[in-house]
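Everything on this sheet refers to the single structure shown next.
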Amino acid sequence: MGTTAKKICLVGDFAVGKTSLIRRFVDNQFSDDYLSTVGVKLSRKLVKLTESRSIELLIWDIEGQTQFKSIAPSYLQGAKGAIMVADVKRPETIQNLKNHLDLFFSINQQGWVIVALNKVDLITPEKLDKFLQVEPFSQQSRVLDTYGTSAKTGKDVEEIFYELAEGMMLSE
Ligand code: G3D
Ligand code: MG
């Protein structure tokens, strides 16, 4: 019964769509001219899992990230979950997921992760299937699932946040 609050982080390379996914989920909008400012941005969203169980997600987003700046460990501290985001049009961002996963799990051994291969509106469904077949993360037991998402169309955006919320609640 009741509501607990949990910190989750959006993690991934520069410009993969982290901020856009949060805006789609929290505000249900997509902006092509989003301007980031420096620091960390915190959004909150109440997620109702069942009639009697809700979870408040405290969603952390890096602002002012550049191509050359790595993610500060302090950003990840205390997170119960993370959405790891890559851009299907930039294969190197998929390769880099492994580094992001290692960093996250080195700080939060008990954390849960969902992988979002984002911007799937820019590729064919066949191409997405190929990406999902080769993605090497699902054998990690604390990686709950991998989705092809689009912050632009909204595809599977709710799903990644809800599945992460459910995973975090079940393991309490
Ligand atoms: P970040 O927070 O990970 O750095 P942003 O990434 O959310 O700022 O997004 C980076 C760019 O990718 C933005 O374009 C944004 O509009 C675009 N983008 C994000 N998600 C999607 C998506 O699902 N599909 C498409 N087609 N584009 C997406 P600009 O041009 O503003 O840099
Ligand atoms: Mg951003």
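In our numbering, the protein residues as written are 18 to 189. Glycine included, each C-beta is placed from N, C-alpha and C at the ideal position.
(message) Can you look up asparagine 125 in the DSSP assignment and give me helix, strand or coil?
(response) Three-state DSSP puts asparagine 125 in coil, outside helix and strand.
(message) Here's a check: name, in chain order, each residue in its chain whose Cβ is nearer than 7 Å to the Cβ of isoleucine 124, leaving out the five neighbours to either side.
(response) Pro90, Leu93, Gln94
(message) Helix, strand or coil for lysine 172? Go by DSSP, reduced to three states.
(response) coil
(request) Find the nearest neighbour of lysine 106 within the set Phe47, Leu139, Thr83, judged by alpha-carbon distance. (result) Leu139
(message) I want to check one thing, is the minimum distance from the CB of threonine 36 to the heavy atoms of the ligand MG below 6 Å?
(response) yes
(message) At a cut-off of 6 Å, would you count aspartate 44 as near the ligand G3D, judging by its Cβ distance to the nearest heavy atom?
(response) Not under cutoff, so the answer is no.
(request) Confirm the yes/no value for this check: CB of histidine 134, any heavy atom of the ligand G3D, distance under 6 Å. (result) Note that residue 134 corresponds to leucine in the displayed sequence, not to histidine. Flag unset: Cβ of leucine 134 not near the ligand G3D.
(message) Please report the distance separating the alpha-carbon of threonine 141 from that of isoleucine 25.
(response) 30 Å
(message) Let's test the definition: count the other Cβ atoms within 10 Å of the Cβ of leucine 66 and tell me whether it reaches 16, buried, or not, exposed.
(response) exposed
(request) Examine the Cβ distances between the stretch 102-117 and the stretch 127-134 and report whether three or more of them are shorter than 8 Å. (result) Yes: at least three Cβ pairs fall under 8 Å.
(request) Give the DSSP-derived three-state secondary structure of isoleucine 39 in the structure shown. (result) Of the three classes helix, strand and coil, the one that applies to isoleucine 39 here is helix, per DSSP.
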